[in-house]
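Residue numbering for the sequence shown follows the working numbering, starting at 1 and increasing by one per position. Glycine residues also receive a C-beta, built at the ideal position from the N, C-alpha and C atoms. Notes for the one structure printed next.
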Amino acid sequence: MQPALDSNTLDRLIALGRKQGYLTNQDLEANLPIDSMSPEEIALIVVHLEETGVPVELEDSLISPNPKPSLPPARTAEIIPFPGRSAAPPAKPRKIALQTGAPVQPALNKPEVQAGDKAAAHWAVAVAGGLVLIVLVGLLMVSAI
Numbered sequence: 001m002q003p004a005l006d007s008n009t010l011d012r013l014i015a016l017g018r019k020q021g022y023l024t025n026q027d028l029e030a031n032l033p034i035d036s037m038s039p040e041e042i043a044l045i046v047v048h049l050e051e052t053g054v055p056v057e058l059e060d061s062l063i064s065p066n067p068k069p070s071l072p073p074a075r076t077a078e079i080i081p082f083p084g085r086s087a088a089p090p091a092k093p094r095k096i097a098l099q100t101g102a103p104v105q106p107a108l109n110k111p112e113v114q115a116g117d118k119a120a121a122h123w124a125v126a127v128a129g130g131l132v133l134i135v136l137v138g139l140l141m142v143s144a145i
């Protein structure tokens with residue numbers, strides 16, 4: 001904080017904040033020399049006020065009074081062709097017709113899955129899921145101890 005800022009000013013702000021229930025940018029600007037203070041000094045005062053139980057509703061303009069101007073959008077590179085050439089070589093026309101292949105026959109030798117195989121697979125998945133569940137419950141019980 002600046003040396004010019006005395007405890008009477010802070011006490012006044014605290015009393016005003018408790019009376020209103022909160023402080024705004026306008027309250028801080030009316031009671032503090034904001035123009036001659038850095039953002040860090042303003043932040044320290046806001047922290048002090050909030051530690052005393054006074055909420056402060058800040059806007060961005062108070063913390064950064066002089067926002068940096070936004071830079072113009074970056075220009076993208078432009079590709080310039082060599083002199084005497086076009087940007088892309090001309091495509092050569094094709095004189096050959098496309099050939100079609102023989103139609104694909106479905107595989108006739110596909111092994112069929114029997115009902116017993118499906119049941120065994122379902123039981124294997126169920127048993128594996130049960131084992132995983134038992135391990136997870138065991139880990140939870142060990143970590144709870």
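For Ser7, the enclosing alpha helix (DSSP H) starts and ends at 7 to 20. Residue state for Leu58 is assigned as coil, using DSSP reduced to three classes.
Closest option to Val46, judged by alpha-carbon separation, among Leu23, Ser36, Gly138: Leu23. For the pair Val142 and Glu57, the Cα-to-Cα distance works out to about 47 Å. One Cα belongs to Phe82, the other to Asn25, and the distance between them is close to 60 Å. With 16 or more other CB atoms across the displayed protein chains lying within 10 angstroms of its CB, Asp27 is buried. A direct Cα-to-Cα measurement between Ile134 and Val104 gives close to 49 Å. Taking a 10 Å sphere around the C-beta of Gly17, we find 16 or more other C-beta atoms and assign the residue as buried.
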